[in-house]
Amino acid sequence: MASVKPTTTILEYQNFVQQVYGLPNMRNYSVGNLLTNMERFAMRGLKGIRKKDREKTKTNLLISFSWLMSIMNQFHINIEDEIWNRFPYLCSYCGICPCTCKEKKVKKRELFNTKKNTLKPKTLTDFQAMFKRIYPPETRSLEHAGIHLAEELGEFAEGVLTFRGEHKETDFGRIPKEAADYFSCLMGVFNSIDVAVSKELSILFSNNCHVCKNAPCTCSFELVSRFKS
Ligand SMILES: [Zn+2]
Ligand SMILES: [Zn+2]
């Protein structure tokens, strides 16, 4: 039986997704299919924001997160490292914690050295807490966090499409960066609605696939495409 622990690290969660969904993903899904599902559930999460339905937002963004992990596995990207490189307890743009982008109207990404910073979070919970410090939820509305998530999702999709279209190594480098940005916005929304991500993942994924309860998952492509949440 595969499960996600409340104390999971990001890498352990990524490995869980590989264990449960790696095989059906390889057999049944192109990267484009995975991306469509990641987007589809994220949009349902945003619908939850519009309808003020916290449960809908929570469930669908957790599912979108698992599709992101499937894409990371397909590309062999260790997202935990990428997140830390991009956000070393600092905003990836202004290079300060808490972020000062709004007050300072920062136009250009600041360069900073991650090696000097020794505060690297261990668990997914620690990473979520880090993002709460960098981007305090009280400084923006939930809707604002949701719009930012949609923006980053679009940029991630653009990164994947560009690489897949032209197959250039230089374009590949954009994918992990955009994935880290999407992750930060995901944490942003979860912090705004006060959801403890790893605790909720441990409930959703207490026993293999959250739908068929098998590992590897045996949900058919059709069942997934008609799945209501
Ligand atoms: Zn900033
Ligand atoms: Zn399943």
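The numbering used here numbers the first residue of the sequence shown as 142 and each following residue consecutively. Built from N, CA and C at the ideal position, the CB exists for glycine as well.
With a cut-off of 7 Å, the C-beta of Ile-237 is classified as near ligand 1, since at least one heavy atom of the ligand falls inside that distance. Distances from the CA of Gly-306 to each of Val-172, Thr-150, Asn-156, Thr-149 were compared; the closest alpha carbon is that of Val-172. Here Val-158 has Ser-207, Met-210, Ser-211, Asn-214 as same chain residues with Cβ atoms under 7 Å from its own Cβ, once five neighbours each way along the sequence are excluded. Cβ-Cβ distances below 6 Å link Thr-303 to Asp-312 in the same chain, with the five nearest sequence neighbours on each side left out; the list follows chain order. In the displayed model, Phe-228 falls within coil according to three-state DSSP, outside both helix and strand.
Distances taken from the Cβ of Thr-200 to the heavy atoms of ligand 2 include none shorter than 7 Å. DSSP, reduced to helix, strand and coil, places Ile-334 outside both helices and strands of the structure shown, so it counts as coil. Remark: the shortest separation between the CB of Thr-241 and any heavy atom of ligand 1 falls under 7 Å. Here Glu-310 is exposed, its C-beta having fewer than 16 other C-beta atoms within 10 Å.
Exposure of His-308 is indicated by the presence of fewer than 16 other C-beta atoms within 10 angstroms of its C-beta. In this structure the segment 170–184 does not touch the segment 234–245; the number of beta carbon pairs closer than 8 Å is below three. Under the three-state reduction of DSSP output, Tyr-323 falls in the helix class.
Around the beta carbon of Ser-233, 16 or more other beta carbons lie within 10 angstroms, which makes this residue buried. Non-local beta-carbon contacts of Pro-262 in its own chain, meaning distances under 6 Å to residues more than five positions away in sequence, involve Phe-268, Met-271 in chain order.
Secondary structure note for Phe-157: its alpha helix (DSSP H) is the uninterrupted segment 151–169. Near ligand 2, meaning a Cβ closer than 7 Å to any of its heavy atoms, lie the following residues in chain order: Cys-350, Val-352, Cys-353, Asn-355, Cys-358, Thr-359, Cys-360. When the five nearest sequence neighbours on each side are left out, the beta carbons in the same chain lying within less than 6 Å of the beta carbon of Lys-199 are those of Val-336, in order along the chain. Between Tyr-276 and Gly-329 the beta-carbon gap is near 6 Å, inside 8 Å, which marks them as a contact. The count of Cβ pairs closer than 8 Å, one atom from the segment 290–298 and one from the segment 349–358, stays below three, leaving the stretches out of contact. In the structure shown, the three-state DSSP call for His-289 is helix.
Burial is judged here by how many other beta carbons sit within 10 angstroms of a residue's own beta carbon; Leu-152 has fewer than 16 and is exposed. With respect to Gln-155, Ile-220 sits close: the two C-beta atoms are nearer than 8 Å. The beta carbon of Asn-166 sits closer than 6 Å to those of Ser-211, all from its chain and outside the five residues before and after it, given in chain order.
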